[in-house]
């Protein structure tokens, strides 16, 4: 995985963004199906997991703009 990040960092970060978006919207649909008419669980899920999607988007954005913050995020992603 480290070699992939070193060779094609934009493709790697874009793939992480797509997975995060898919998991987020899939989770929203799942909670919506389980909650029925109740909207509070859907809103709580959306608010709670939105920072993960925003972080994935910011990593792609910083990489495209060649911001140094994109490089510091690579060390934190080894946990994922």
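In the working numbering, the protein residues as written are -10 to 69. For each residue, glycine too, the CB sits at the ideal point set by N, CA and C. Values in this document were obtained by computation on a predicted structure and should not be read as measured data.
For residue 51, the enclosing alpha helix (DSSP H) has its first and last residue at 29 to 53. Taking a cut-off of 8 Å on C-beta distances, the region 5 to 19 touches the region 38 to 55, as three or more cross pairs fall below it. Judged by DSSP secondary structure, residue 15 falls within the alpha helix (DSSP H) whose first and last residues are -2 to 24.
Within the same chain, Cβ atoms closer than 8 Å to the Cβ of residue 52 are found at -2, -1, 2, 59, the five residues on either side in sequence being excluded. The beta-carbon separation of residue 45 and residue 6, rounded to 4 Å, stays under the 8 Å limit for a contact.
At the C-beta level, residue 31 and residue 21 come within 8 Å of one another.
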